[in-house]
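A.B. asks: Dumping the structure here so I can ask a few things about it.
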Amino acid sequence: MMALVQTAGLTKVFGDVRAVDDLSVSIPEGAIGLVGPNGAGKTTFLRLLLSLLRPTAGTASVLGRDIGDGLAVRERIGYMPEHDCLIPDMTGVGLVSYMGRISGLDRDTAMSRAHDVLQFVGVEEERYRKVAEYSTGMKQKVKLAQAMVHDPQLYIFDEPTTGLDPRGRTEMLDLVGKIAKSPGRNLLLSSHLLPDVETICKYVIILDGGHQIAAGDLDRLLAGASDRLRIDIRGDREGFARRLKEAGFDADVSATAIYVSRRDGIEAAVFDTAKVLGAEVRYMGRVVRSLEELFLELLERKAGGDA
Amino acid sequence: MSITLPTYKRREMPLLPRAQRVRAIITTGLRREFRRPAAIVVTGMGAALVTISSIVTVLFSRFFLPPGAKLDLSYFAVPASNGAILFFVTLMAAIIGSGLIADDLHSMALTLYLSRPITHADYLLAKAAILAPLVSMITVLPLVLTPLVAALLGLFSWTIALQAIGLSILVGALLTVFCTSVALFLSSLTRRRSIAAAGVFAVNFGLSIPAGILAGTLGNPVFYASPWDNYVAVARAAFGATDNPIDWVWSLVILLAATILAAVVTYMRMKAVEVVSG
């Protein structure tokens with residue numbers, strides 16, 4: 001299967017700042033999350049992929065095309081920027097069809113597609129109003145529609161839910177999710193909102209300081225190499241953990257569960273303890289972290305390594 | 308609410324070549340300008356008043372003719388150096404040209420354009436192609452119509468009129484490309500069209516008027532600092548008028564150099580702006 005994005009030693013330097021530093025990744029097709037703290041190099045990475053910036057060193061290809069051939073790359077990409085970028089004195093449908101024409105669609109196809117994608121994103125009769133009169137949610141939808149109008153193979157969404165209220169955010173995630181699930185389309189979702197990435201993406205890349213600090217299937221990353229088990233019981237959690245410790249297991253208690261290192265004999269020890277204490281084991285399974293927990297853990301680990 | 312649930316299936320669509328994409332920017336840009344009352348008024352009034360005033364000078368050419376001069380090709384230097392051209396070209400560059408890039412920087416729509424399969428050069432070329440035809444309505448059209456009317460009225464021979472038309476296109480094109488290039492350069496420097504418009508006035512009037520005043524004390528070379536006086540020197544020389552205060556060759560070099568420099572700096576500026584706007 002062709003890699004969606006492949007980079008080798010990709011580097012971009014602005015003055016003294018190495019925004020992207022020797023990045024070598026092979027991103028598979030599908031829905032990909034790009035996460036990292038502010039200044040991690042996410043936007044620079046996206047701009048390099050769009051061929052809007054020339055790399056200081058290294059190479060990259062998108063959908064099999066070298067980023068040096070910017071036109072061929074951008075023909076296949078639909079980009080939804082983070083910031084407000086719509087032309088205020090144009091109507092929604094006028095703007096989307098205009099962007100379709102700049103992407104290479106003929107006038108009739110561009111107009112037909114503009115109506116199609118605006119319908120898809122849920123901009124109905126408002127499409128004939130000027131963009132300046134739109135709410136934030138509507139503007140985000142039009143930004144999404146303009147990225148879709150030429151039906152690209154790869155969508156790049158930079159913080160698509162920024163500034164949206166909870167309802168708008170849900171609607172936007174629903175739309176992005178529909179695109180992610182449709183065949184033949186791939187997306188690269190850059191977001192600070194890790195639950196958004198967790199909802200949509202199957203594969204994530206975590207950047208910090210221009211470096212990749214983790215990449216892989218989300219499920220695998222969240223499960224990680226952790227050999228810890230989470231045990232939910234009905235009964236005395238403190239006593240339960242104390243007995244496990246006495247039996248030689250490394251057990252911690254949180255407000256809702258007991259966490260214990262996985263070793264031979266742990267399952268038997270848990271059920272023996274439950275029998276002795278008269279507690280009920282309601283759940284026992286491998287600890288699955290949230291993306292946020294993984295993210296913070298990786299950043300802490302990197303900070304520790306740097307120190 | 309949708310009557311039916313929208314469906315969305317991916318289709319491979321043939322994309323038109325780059326020239327068509329640039330043309331889309333030009334046609335949409337011109338359509339947007341012709342929806343703005345200020346642009347319509349300045350274009351309409353400018354073209355009409357410059358044409359009328361130029362034709363009037365030809366109709367009454369015998370009265371305008373300097374002593375000893377003949378009614379030949381050199382007479383068309385008079386409409387070519389019509390001050391109304393300077394006034395309306397400046398107004399047009401300020402009202403239309405100043406916003407062409409500044410508005411895209413202000414709304415950050417530049418990112419949308421450049422994320423499409425076009426280059427920075429395509430974008431700038433399209434913006435220039437929006438402004439240039441409008442400017443030429445004032446710099447070229449009246450100068451072409453004037454000898455045509457003069458020949459139709461029998462005031463000049465068709466030979467002279469056709470020569471004048473050809474030269475008018477050349478000198479008008481020179482002023483058009485200069486004004487377009489400088490207006491886009493100024494527009495690329497700021498996110499506010501009002502500042503760019505002020506820059507257009509400063510370049511055209513702010514250099515021409517002081518040059519006219521200071522020439523009395525500092526001498527004729529001061530006129531080289533004025534784009535309008537440089538244009539007039541070239542136009543007068545093109546039509547064969549001899550009484551130029553400055554050398555037309557240097558004037559032509561200055562105008563062309565300023566045009567090219569403004570275009571190159573605008574291009575470099577645009578590439579740099581995109582880096583920081585995200």
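Chain order of the listed sequences is F and S. This note's numbering numbers the first residue of the first sequence as 1 and each following residue consecutively. This note's numbering numbers the first residue of the second sequence as 308 and each following residue consecutively. In this text, a Cβ means the ideal position worked out from N, Cα and C, and glycines have one as well.
Answer yes or no: does any C-beta atom of chain S fall closer than 8 Å to that of F:Gly-104?
C.D. replies: With 8 Å as the cut-off, F:Gly-104 counts as an interface residue toward chain S.
A.B. asks: Roughly how many whole angstroms lie between the Cα atoms of F:Arg-76 and S:Arg-423?
C.D. replies: Cα to Cα, F:Arg-76 sits roughly 9 Å from S:Arg-423.
A.B. asks: Would you mind telling me which residues of chain S sit closer than 7 Å to F:Asp-21, beta carbon to beta carbon, in chain order?
C.D. replies: Those do not exist, as F:Asp-21 stays about 17 Å from chain S at its closest Cβ, beyond 7 Å.
A.B. asks: What is the rounded straight-line gap between the Cα of F:Leu-222 and the Cα of F:Met-90?
C.D. replies: So the alpha carbons of these two residues sit roughly 44 Å apart.
A.B. asks: Among S:Arg-325, S:Thr-335, S:Ile-425 and S:Leu-477, which has the Cα closest to the Cα of S:Val-563?
C.D. replies: One detail in the question is off: residue 563 of chain S reads as Leu in this sequence, not Val. Ranking S:Arg-325, S:Thr-335, S:Ile-425 and S:Leu-477 by Cα distance to S:Leu-563 puts S:Leu-477 first.
A.B. asks: What would DSSP say about F:Tyr-79, mapped onto helix, strand or coil?
C.D. replies: Looking at F:Tyr-79 - three-state DSSP - the assignment turns out to be strand.
A.B. asks: Taking F:Gln-6 as part of the beta strand (DSSP E), name the residues at either end of that continuous run.
C.D. replies: F:Gln-6 -> beta strand (DSSP E) spans 5-14.
A.B. asks: Distance check for S:Leu-366 and S:Ile-359, CA to CA, integer angstroms please.
C.D. replies: Their Cα atoms are separated by approximately 10 Å.
A.B. asks: Tell me where the alpha helix (DSSP H) around S:Ser-405 begins and ends.
C.D. replies: S:Ser-405 -> alpha helix (DSSP H) spans 405-414.
A.B. asks: What in chain S is Cβ-close to F:Tyr-98, meaning under 8 Å?
C.D. replies: Near F:Tyr-98 (Cβ distances below 8 Å), the residues of chain S are Ala-331 and Thr-335.
A.B. asks: Only counting the same chain, and skipping five residues up and downstream in sequence, which positions put a Cβ closer than 7 Å to that of S:Ser-584?
C.D. replies: Reliability of the predicted coordinates at S:Ser-584 is poor, the pLDDT of 43 falling under 50, and the value obtained from them is presented with this limitation in mind. Closer than 7 Å at the Cβ level, and outside the excluded window around S:Ser-584, lie Met-415, Leu-417 and Thr-418.
A.B. asks: Hey, how far is the Cα of S:Ala-540 from the Cα of S:Ala-490?
C.D. replies: Answer to the nearest angstrom: the Cα atoms are 22 Å apart.
A.B. asks: Assuming F:Gly-156 and F:Val-176 form a contact by the criterion Cβ under 8 Å, report the distance between their Cβ atoms to the nearest whole angstrom.
C.D. replies: The question names Gly, but residue 156 of chain F is Ile in the sequence shown. The Cβ separation is near 12 Å, so there is no contact.
A.B. asks: Please confirm if F:Arg-74 has its CB atom under 8 Å from at least one CB of chain S.
C.D. replies: So yes, F:Arg-74 belongs to the interface.
A.B. asks: Which residues in chain F sit within 7 Å of S:Met-575, going by Cβ to Cβ distance?
C.D. replies: Within 7 Å Cβ-Cβ: nothing; S:Met-575 doesn't reach chain F, min ~14 Å.
A.B. asks: When we look at the beta-carbon of F:Asn-38 and count the other beta-carbons within 10 Å, is it buried (16 or more) or exposed?
C.D. replies: Its Cβ having fewer than 16 others within 10 Å, F:Asn-38 is exposed.
A.B. asks: Flag F:Ile-87 as yes if its beta-carbon sits less than 8 Å from any beta-carbon of chain S, otherwise no.
C.D. replies: Yes, because at least one Cβ of chain S sits closer than 8 Å to the Cβ of F:Ile-87.
A.B. asks: When the cut-off is 8 Å and only beta carbons count, does F:Gln-140 lie next to chain S?
C.D. replies: No, its Cβ sits nowhere closer than 8 Å to a Cβ of chain S.
A.B. asks: Who are F:Arg-18's beta bridge partners in DSSP?
C.D. replies: In the DSSP output, where bridge partners are listed per residue, F:Arg-18 has F:Val-13.
A.B. asks: Report all residues from its chain with a CB closer than 6 Å to the CB of F:Glu-292; omit the five preceding and five following residues, and keep chain order.
C.D. replies: Contacts found: Leu-194.
A.B. asks: Could you name the residues that DSSP lists as bridge partners for F:Met-111?
C.D. replies: None, per the DSSP bridge assignment.
A.B. asks: Excluding sequence positions up to five away, which residues of its chain have a Cβ less than 8 Å from the Cβ of F:Ala-269?
C.D. replies: Closer than 8 Å at the Cβ level, and outside the excluded window around F:Ala-269, lie Leu-244, Ala-247 and Phe-249.
A.B. asks: I need the boundaries of the beta strand (DSSP E) containing S:Gly-513, first residue and last residue.
C.D. replies: Element bounds for S:Gly-513: not the beta strand (DSSP E) but the alpha helix (DSSP H), 500-525.
A.B. asks: Shortest alpha-carbon distance to F:Lys-275 belongs to which of F:Ile-233, F:Thr-162 and F:Arg-113?
C.D. replies: Nearest of F:Ile-233, F:Thr-162 and F:Arg-113 to F:Lys-275, Cα basis: F:Ile-233.
A.B. asks: How big is the Cα-Cα spacing for F:Thr-312 and F:Tyr-128?
C.D. replies: Residue coverage of chain F in this structure runs from 1 to 307, which leaves residue 312 of chain F outside it and unanswerable.
A.B. asks: Just checking: is the beta-carbon of F:Ala-3 within a distance shorter than 8 Å of some beta-carbon in chain S?
C.D. replies: So no, F:Ala-3 is outside the interface.
A.B. asks: Put S:Ser-309 into one of helix, strand or coil per three-state DSSP.
C.D. replies: The predicted position of S:Ser-309 is uncertain, since its pLDDT is 39 and thus under 50; a value taken from the coordinates is nonetheless stated next. Coil at S:Ser-309, not helix or strand.
A.B. asks: How big is the Cα-Cα spacing for F:Val-73 and F:Val-13?
C.D. replies: Rounded to the nearest angstrom, the two C-alpha atoms are 22 Å apart.
A.B. asks: Three or more C-beta pairs under 8 Å: does that hold for the segment 40-53 of chain F against the segment 383-398 of chain S?
C.D. replies: Segments in contact, no.
A.B. asks: List, in chain order, every chain S residue whose beta-carbon is nearer than 9 Å to that of F:Gln-146.
C.D. replies: Here the neighbours are Leu-419.
A.B. asks: How about F:His-83: is its C-beta nearer than 8 Å to some C-beta of chain S?
C.D. replies: So yes, F:His-83 belongs to the interface.
A.B. asks: If you drop the 5 nearest sequence neighbours on each side, which residues of the same chain put their C-beta closer than 6 Å to that of S:Asn-527?
C.D. replies: Within the same chain, S:Asn-527 has close Cβ partners Pro-552 and Ile-553.
A.B. asks: Inspect the beta-carbon positions of S:Pro-534 and S:Val-510 and report whether they are closer than 8 Å.
C.D. replies: Yes, they are a contact pair.
A.B. asks: Evaluate S:Thr-466 with the Cβ neighbour count: other Cβ atoms within 10 Å of its Cβ, from every protein chain shown; 16 or more gives buried, anything less gives exposed.
C.D. replies: Its Cβ having fewer than 16 others within 10 Å, S:Thr-466 is exposed.
A.B. asks: Evaluate F:Asp-227 with the Cβ neighbour count: other Cβ atoms within 10 Å of its Cβ, from every protein chain shown; 16 or more gives buried, anything less gives exposed.
C.D. replies: Counting Cβ neighbours within 10 Å, F:Asp-227 comes out exposed, since fewer than 16 surround it.
A.B. asks: Straight-line CA distance for F:Leu-218 to F:Val-287?
C.D. replies: F:Leu-218 and F:Val-287: Cα-Cα distance of roughly 14 Å.
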